[in-house]
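Colleague: Counting in our numbering, the sequence shown runs from 3 upward without gaps. Heads up, the beta-carbon is just placed ideally off N, CA and C, and yes, glycines get one too. Just passing along the structure, written as structure tokens.
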Amino acid sequence: MAALNQALADRNKPKDVIHHSDRGVQYLSIRYTSSMADCAVIASVGTTGDSYDNALAETVNGLYTSEVIEYLKEQWHEVSDVELATLEWVALRAQLSSCKAKSIINRFLVLLRFNKARLHSAIGYVSPFEFEKRYYDNLILSGIAA
Numbered sequence: 003m004a005a006l007n008q009a010l011a012d013r014n015k016p017k018d019v020i021h022h023s024d025r026g027v028q029y030l031s032i033r034y035t036s037s038m039a040d041c042a043v044i045a046s047v048g049t050t051g052d053s054y055d056n057a058l059a060e061t062v063n064g065l066y067t068s069e070v071i072e073y074l075k076e077q078w079h080e081v082s083d084v085e086l087a088t089l090e091w092v093a094l095r096a097q098l099s100s101c102k103a104k105s106i107i108n109r110f111l112v113l114l115r116f117n118k119a120r121l122h123s124a125i126g127y128v129s130p131f132e133f134e135k136r137y138y139d140n141l142i143l144s145g146i147a148a
């Protein structure tokens, strides 16, 4: 409930808010649903047993975990390091200009602790580092980051 209250306060009690969640017990409790009703927040819950109900959010979470958390976690010393990496990842995904995206990608490549020597047959006999570098270079060339 603290997160809901903070979100509403931070946004100056916006109108027509829809709160979507899974069917977790915390989101269906009388206290929580009453709180939402008091703030005129419309509750929306996913359907039971529907694996596609939250597919987009789960995809984003999976990409974030694999592209940011798993690769960079050993480089962080403070919460601000995680925040910076997250902002850079979001900026890249938001399709910044080619020049800005390239600087972000280069920073990621420096931070990554990929194997830079051993070749892998599953990725065309290149190192994981080279494979990732090519992937991000192709993003820029294809205009995704433009």
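(1) Taking C-beta to C-beta, are Val43 and Val19 nearer than 8 angstroms?
(2) State the Cα-Cα distance for the pair Ala119 and Ser31, rounded to the nearest angstrom.
(3) Quick one: residues in its chain with C-beta nearer than 7 angstroms to the C-beta of Glu69, no 5 flanking neighbours on either side, listed in chain order?
(4) Within the continuous beta strand (DSSP E) that includes Ile71, where are the two ends?
(5) If you draw a straight line from the alpha carbon of Asn140 to that of Glu132, how long is it in whole angstroms?
(6) Helix or strand or just coil, what does DSSP make of Ser123?
(7) Could you tell me the boundaries of the beta strand (DSSP E) in which Ala42 lies?
(8) Specify the secondary structure class of Val84 as computed by DSSP and reduced to three states.
(9) Going by alpha carbons, who is nearest to Ser23 out of Glu134, Asn14, Ser37 and Ala45?
(10) Going by DSSP in three states, Ala147 sits in which element: helix, strand or coil?
(11) When the distance is taken between beta carbons, is Met3 closer than 8 angstroms to Ser37?
(12) Out of curiosity, what's the CA-to-CA distance linking Ile10 and Pro16?
(13) In angstroms with no decimal places, state the Cα-to-Cα distance between His21 and Tyr127.
(14) Secondary structure at Val128, three-state DSSP: helix, strand or coil?
Modeller: A quick look at the data gives this:
(1) Yes; because the gap between Cβ atoms is below 8 angstroms, this pair is in contact.
(2) Those two C-alpha atoms are separated by around 54 angstroms.
(3) Apart from sequence neighbours up to five positions away, the residues of its chain that approach Glu69 with a beta-carbon distance below 7 angstroms are Trp91, ordered along the chain.
(4) Here Ile71 belongs to no beta strand (DSSP E), and DSSP marks it neither H nor E.
(5) Spanning the two alpha carbons is a distance of roughly 12 angstroms.
(6) helix
(7) No beta strand (DSSP E) contains Ala42, which DSSP labels as neither H nor E.
(8) helix
(9) Ala45
(10) Because Ala147 carries a pLDDT of 46, less than 50, the predicted location of this residue cannot be relied on, and the following value inherits that uncertainty. Residue state, collapsed to three classes: coil.
(11) yes
(12) The sequence shown places Leu at residue 10, rather than the Ile named in the question. The straight-line gap from Cα to Cα measures roughly 7 angstroms.
(13) 47 angstroms
(14) strand
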